[in-house]
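Residue numbers (UniProt numbering): 1 to 560. Backbone N, C-alpha and C define an ideal beta-carbon position, used for all residues, glycine too. What you are looking at is a predicted structure, and each value in this text was computed from that prediction instead of being measured.
Next comes the structure, spelled out in structure tokens:
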């Protein structure tokens with residue numbers, strides 16, 4: 001079949017839009033060029049093809065044509081934003097069609113893709129440039145076919161009963177609406193409201209890609225809340241979601257199982273949020289049982305639950321089955337050494353992590369050493385949050401040693417509150433010296449003292465992208481603080497130095513303020529500093545570093 005002719009047969013609205021359909025034919029040329037011996041898959045288009053289409057639509061919205069002469073030309077920013085949203089909506093619609101017919105060659109998906117792009121582009125052209133304060137895509141208040149987010153979470157937290165639900169959700173009932181995301185957060189649905197919502201959600205579930213049901217049963221009795229969750233679960237069962245947020249619902253095991261029908265039906269989920277859900281070990285086991293398909297999962301957030309070690313073993317199984325995981329948050333979940341080791345072992349199967357947040361658990365030294373083994377495999381890691389894990393020196397050294405060899409593009413490192421002393425500072429400094437893309441460093445609430453602070457200061461001297469450092473509450477004296485201040489104040493893009501809660505003398509405070517006199521906002525508050533906290537050993541260290549500090553102060557240049 002000639003797919004160029006197929007694309008030209010798409011119902012179009014003008015020669016202008018036909019040209020857009022021909023552009024989508026680039027997909028065909030690209031895939032045909034691969035010369036596969038037995039079959040040609042026309043779907044999905046490559047990222048390059050999608051970007052080319054966005055660029056062409058942006059150009060069409062900003063240049064003179066029959067339509068722009070009549071309705072007006074968009075500025076580049078508005079045109080690009082509209083073009084991206086048009087392509088996203090068209091791709092989601094066509095991809096859903098293709099997923100329902102996966103054995104086809106993708107030709108019908110390409111046709112639908114072009115048709116949707118044409119239709120949506122025409123709507124934008126006829127609408128013309130928006131007023132300066134208007135949103136390009138609105139949510140509930142208009143009926144533009146470009147609408148794709150339906151959000152009722154704005155405003156005050158409120159109960160929703162049956163009598164107002166019909167009107168509130170009426171935009172979802174409009175024929176041809178293009179909503180792909182719904183957000184019901186911050187509104188509490190009663191049983192009557194859920195029953196009104198059920199057929200509405202069922203009617204649009206095939207087009208939905210993102211569902212946010214966080215904090216949507218607040219203040220309801222347990223029995224009513226469970227019934228509401230079951231109704232929503234049944235209504236959305238079988239949808240092909242990319243993102244699902246069930247946070248802030250005090251689910252527990254009963255709540256997780258109430259969503260069982262929805263969870264078990266999800267085979268393409270990329271993002272799952274289960275934060276602040278009261279998930280115990282039993283609930284964690286239910287999560288592991290009810291979410292069998294995690295091959296495509298990229299984001300898993302499990303913050304602020306009461307999971308404990310036994311629950312962590314179940315979550316570790318979910319992680320182990322998620323090889324594409326990029327963003328894992330399991331902070332404040334009462335996990336100890338045993339659970340930490342299990343999670344660390346599971347993370348070893350995830351070679352694409354970009355963000356890792358395990359803050360506020362009790363992994364201890366053993367958990368830290370185990371985690372370090374997983375970190376050696378992380379070449380794509382950008383952000384690491386490991387504060388308040390009770391790592392101590394041995395755990396911290398193991399982790400920074402692993403990061404020294406891995407994560408070449410690390411941007412954020414947080415390891416505050418881990419009882420780290422100056423003994424670990426050489427390893428930390430070696431790691432930092434290798435991280436030229438570092439933008440934020442937080443080592444607060446440790447015991448690095450001047451010795452550790454000085455090593456860290458030297459390590460970050462050449463880091464031009466560094467924007468924020470927090471070494472508060474580290475028993476640092478006047479000399480260590482000043483060396484750090486002199487180093488960071490000369491960085492062009494630096495934003496904030498926090499050295500509060502240390503042992504800096506009153507004279508030292510005045511000197512710090514003088515160093516930052518041209519940019520006082522770069523220096524954080526110093527109201528919790530204890531000028532009398534310094535001990536005799538630190539006083540001798542301060543005297544020993546005076547010559548080096550004096551040399552740096554002489555060379556200090558701060559632009560006006």
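Here DSSP, grouped into helix, strand and coil, assigns residue 233 to helix.
Residue 203 counts as exposed, since fewer than 16 other beta carbons sit within 10 angstroms of its beta carbon. Rounded to whole angstroms, the gap between the alpha carbons of residue 458 and residue 499 is 17 angstroms. Contact between the stretch 56–73 and the stretch 147–164 is absent, with fewer than three C-beta pairs closer than 8 angstroms. DSSP places residue 301 in the strand class (E or B) of the three-state scheme.
Restricting attention to 311, 395 and 116, the CA atom closest to the CA of residue 416 is found in 395. Note that the C-beta distance between residue 441 and residue 406 is not below 8 angstroms. Taking the CA atoms as reference points, residue 294 sits about 31 angstroms from residue 117.
Taking 8 angstroms as the upper bound for CB-CB distance, residue 370 and residue 340 are in contact here, some 7 angstroms apart.
For the 8 angstroms CB-CB criterion, residue 249 and residue 217 form a contact. Around residue 271, the same chain offers 243 and 299 as residues with beta carbons nearer than 6 angstroms, after the five sequence neighbours per side are excluded.
Between residue 381 and residue 297, the alpha-carbon positions lie close to 17 angstroms from each other. By the 16-neighbour rule on beta-carbons within 10 angstroms, residue 533 is exposed.
Within the DSSP secondary-structure output, residue 158 pairs in a beta bridge with 187. Within the same chain, Cβ atoms closer than 7 angstroms to the Cβ of residue 282 are found at 253, the five residues on either side in sequence being excluded.
Under the criterion of beta carbons closer than 8 angstroms, residue 62 and residue 73 qualify as touching, at roughly 6 angstroms.
For the pair residue 200 and residue 495, the Cα-to-Cα distance works out to about 49 angstroms. In this structure residue 335 is in contact with residue 308, their Cβ atoms being roughly 7 angstroms apart against a cut-off of 8 angstroms. Residue 181 places its beta carbon 8 angstroms or farther from that of residue 222. The beta carbon of residue 284 is closer than 6 angstroms to those of 307, 311, 314 and 315 in its chain, skipping five residues each way along the sequence.
According to DSSP, residue pairing for residue 421 in a beta bridge involves 447. Residue 428 and residue 408 have their C-alpha atoms some 15 angstroms from each other.
For residue 442, the secondary structure class from DSSP, reduced to helix, strand or coil, is strand.
Of the residues assessed, residue 508 falls on the buried side of the cut-off, its CB having 16 or more other CB atoms within 10 angstroms. By the Cβ neighbour-count rule, residue 220 is buried, with 16 or more other Cβ atoms within 10 Å of its own.
Around the beta carbon of residue 483, 16 or more other beta carbons lie within 10 angstroms, which makes this residue buried. For the options 91, 129 and 347, the alpha carbon positioned closest to that of residue 76 is the one of 129.
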